[in-house]
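Q: Below is a structure I'd like to ask you about.
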Amino acid sequence: ATPTPAPEKAAKQKVELNLVNPGKLAVGSDVAYPPFEYTNQTTGKYEGFDMDLAKEIAKRLGLELEVVNTAWDGIIPGLLAHKYDVIMSAMTITEERAKQVSFSDPYFEAKQVILAKKGSGIRGVSDLAGKKVGVQLGTTGDFAAQKLIENGIKFELIKFEDTPSALMAIEKGDIDAAIIDNFVAYLAQKNNPDVFEIIEDKTFEPEYYGIAVNKDNPALLEAINKVLKEMKEDGTYDKIYRKWFGE
Ligand code: ARG
1185 ATPTPAPEKA AKQKVELNLV NPGKLAVGSD VAYPPFEYTN QTTGKYEGFD MDLAKEIAKR
1245 LGLELEVVNT AWDGIIPGLL AHKYDVIMSA MTITEERAKQ VSFSDPYFEA KQVILAKKGS
1305 GIRGVSDLAG KKVGVQLGTT GDFAAQKLIE NGIKFELIKF EDTPSALMAI EKGDIDAAII
1365 DNFVAYLAQK NNPDVFEIIE DKTFEPEYYG IAVNKDNPAL LEAINKVLKE MKEDGTYDKI
1425 YRKWFGE
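Numbering (our numbering), first residue to last: 1185 to 1431.
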C-alpha cells in the first residue's frame, strides 16, 4: 500500500476530531478563577494553569486555541449545544456531570476549604452554624455546603454567579466565609493576608479536575487523553504545574 502523505493525514485527523470550528480547539471556561483562569488586567489576555494546559494541548493536536469565556452556570449546556469543543475550567469530575459529558483522565487534585474573613473565629465546618456562607452557584463548593446543611449544620447559604463576587462579599463583611476550591483560596489569602484566613476541614474529600468533552465526540476525548499522558511523561505537565503552584 502507498503511504498516505503527511499533510493529508493531518487534515484527515482534524475532520475526525469533529470540531466546532475546523482547525481550532474551542475551550469553554469561566475565566474568573485565578490561578486556573483569569484575565491579565494589563494585557487583556487570558492566563492561568488551565490556559497554559489548553495552549499546549491545542498545539499538540495541531490546532489553534480559542477560549470562549462563559458563565459557569451555563457552561455544560454550552458544551452540549456545541458552542465549544471542551470545558477547561477547573471543573471537578462528578458522577452527576458525567451523566451529561465525558471527562478526560483527571489532571489536577483539589479539595474544598473554608475561606473566612480574618478573625471570624471559624475553626471547622461546625463553626459555620449561624453564619453567612457564600459559594459559587453550581460548584462543588455549593454541593459541599448543601451537604453540611443536610447534616444539620444550620447556616445561611448565599450563592454567587462567580467566585470573585463571593470573595468581594467576604472582604466587605457581607458574608462570613466561603466554601471554595483550595488553590483558589490559597491565592486569595496570599494576595490579601489581612482579609482572609483559610480553614481546612478533614470532612472535605479530594476532588479531581477533568476536561469535559461531548459524549458524541469520543475521538476528541481519546486525543486529549493521549496528549495529557504525553505531557505528564515528558515533563511538560510538571513544568506548567511548577509555574503556577511551585514545588
Ligand atoms: N471545581 C469546582 C467545580 O467543579 C469549581 C470550579 C469553578 N470554576 C470556575 N472557573 N469558576 O464545581
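The C-beta atom is built at its ideal place from N, Cα and C for all residues, glycine as well.
Just reading off the beta strand (DSSP E) that S1310 is part of, what are its end residues?
A: Counted from its first residue, the sequence shown places residue 1310 at position 126. Looking at the DSSP string, S1310 is not in any beta strand (DSSP E), and its letter there is neither H nor E.
Q: Please confirm whether any heavy atom of the ligand ARG lies closer than 7 Å to the CB of D1214.
A: Translated into positions along the sequence shown, residue 1214 becomes position 30. Checking every heavy atom of the ligand ARG against the Cβ of D1214, one is found closer than 7 Å.
Q: Within this structure, are the beta carbons of D1214 and I1260 separated by less than 8 Å?
A: Within the sequence shown, numbered from 1, the residue matching residue 1214 stands at position 30. Within the sequence shown, numbered from 1, the residue matching residue 1260 stands at position 76. No, they are not a contact pair.
Q: What residue range is occupied by the uninterrupted beta strand (DSSP E) comprising N1253?
A: Within the sequence shown, numbered from 1, the residue matching residue 1253 stands at position 69. Per DSSP, N1253 belongs to the beta strand (DSSP E) from E1248 to N1253.
Q: For the beta strand (DSSP E) that contains Q1284, what are its first and last residues?
A: For the purposes of this step, residue 1284 is taken as the residue at position 100 of the sequence shown. Segment: none, Q1284 is in no beta strand (DSSP E) and carries neither H nor E.
Q: Assuming Y1392 and E1279 form a contact by the criterion Cβ under 8 Å, report the distance between their Cβ atoms to the nearest whole angstrom.
A: If you number the sequence shown from 1, residue 1392 lands on position 208. If you number the sequence shown from 1, residue 1279 lands on position 95. Rounded, the Cβ-Cβ distance is 12 Å, inconsistent with contact.
Q: Run through DSSP, which three-state label would K1198 get?
A: Working through the sequence shown from its first residue, we reach residue 1198 at position 14. Confidence at K1198 is low in this model, with a pLDDT of 46, below 50, so its placement is unreliable and no value can be given for it.
Q: Could you compute how far the alpha carbon of I1445 sits from the alpha carbon of A1353?
A: Here the chain covers residues 1185 to 1431 and nothing more, so residue 1445 does not appear.
Q: Which same chain residues, not among the five before or five after N1224, have their C-beta less than 7 Å away from its C-beta?
A: Along the sequence shown, one-based indexing puts residue 1224 at 40. Counting only Cβ-Cβ distances below 7 Å, and skipping sequence neighbours, we find E1231.
Q: For F1344, collect the residues of the same chain with a Cβ closer than 8 Å to its Cβ; drop the 5 residues on either side in sequence, then sort them by chain order.
A: Here the question's residue 1344 lines up with position 160 in the sequence shown. Excluding residues within five positions, the ones whose Cβ falls inside 8 Å are G1318, V1319, Q1320, L1321, A1350 and A1353.
Q: Can you have a look at A1429 and say buried or exposed, based on whether 16 or more other CB atoms are within 10 angstroms of its CB?
A: By 1-based counting over the sequence shown, the position of residue 1429 is 245. Checking the sequence shown, residue 1429 turns out to be Phe, not Ala. By the 10 Å Cβ count, F1429 comes out exposed.
Q: Apart from the five residues on each side of it in sequence, which residues of its chain come closer than 7 Å, Cβ to Cβ, to A1328?
A: Position 144 of the sequence shown, counted from the start, is the residue given in the question as residue 1328. Q1296, I1363 and F1388.
Q: When you compare the region 1201-1221 with the region 1237-1249, are there three or more beta-carbon pairs, one atom per stretch, that lie closer than 8 Å?
A: Yes: the two stretches touch, three or more of their Cβ pairs being nearer than 8 Å.
Q: Any chance the CB of W1428 is under 7 Å from a heavy atom of the ligand ARG?
A: For the purposes of this step, residue 1428 is taken as the residue at position 244 of the sequence shown. Checking every heavy atom of the ligand ARG against the Cβ of W1428, none is found closer than 7 Å.
Q: Kindly indicate which three-state DSSP category I1300 falls into: helix, strand or coil?
A: In the sequence shown, counting from the first residue as 1, residue 1300 sits at position 116. The sequence as given places Ala at residue 1300; Ile does not occur at that position. Three-state result, A1300: strand.
Q: Within the region 1377-1408, note down every full beta strand (DSSP E) run reaching 3 residues or more, in order along the chain.
A: Counting whole runs of 3 or more residues, the region 1377-1408 contains the beta strand (DSSP E) stretches 1380-1383 and 1391-1393.
Q: Flag D1365 as yes when its Cβ comes closer than 7 Å to any non-hydrogen atom of the ligand ARG, and as no otherwise.
A: In the sequence shown, residue 1365 corresponds to position 181, counting from 1. D1365: yes, Cβ under 7 Å from the ligand ARG.
Q: Could you compute how far the alpha carbon of L1332 sits from the alpha carbon of E1200?
A: By 1-based counting over the sequence shown, the position of residue 1332 is 148. By 1-based counting over the sequence shown, the position of residue 1200 is 16. Near 45 Å, if we compare the C-alpha coordinates of E1200 and L1332.
Q: For Y1318, list the residues DSSP reports as bridge partners.
A: Translated into positions along the sequence shown, residue 1318 becomes position 134. Note that residue 1318 corresponds to Gly in the displayed sequence, not to Tyr. DSSP, once it has assigned bridges, lists I1342 and A1362 as partnering G1318.
Q: At the level of alpha carbons, what is the spacing between V1270 and N1398?
A: Sequence index remark: in the sequence shown, residue 1270 carries index 86 (1-based). Sequence index remark: in the sequence shown, residue 1398 carries index 214 (1-based). C-alpha separation (whole angstroms): 7 Å.
Q: How big is the Cα-Cα spacing for F1233 and I1424?
A: By 1-based counting over the sequence shown, the position of residue 1233 is 49. By 1-based counting over the sequence shown, the position of residue 1424 is 240. Each residue's Cα considered, the two are about 7 Å apart.
Q: Classify V1215 as helix, strand or coil using the three-state DSSP reduction.
A: As a working note, residue 1215 is residue 31 in the sequence shown. Residue state, collapsed to three classes: coil.
Q: In the DSSP output, what is E1417 paired with across the bridge?
A: Counted from its first residue, the sequence shown places residue 1417 at position 233. Note: E1417 sits in no beta bridge, so no partner.
Q: With a CB to CB cut of under 6 Å and the five nearest residues on each side skipped, what residues in its chain are close to Q1373?
A: One-based indexing of the sequence shown puts residue 1373 at position 189. F1380 and I1382, listed in sequence order.
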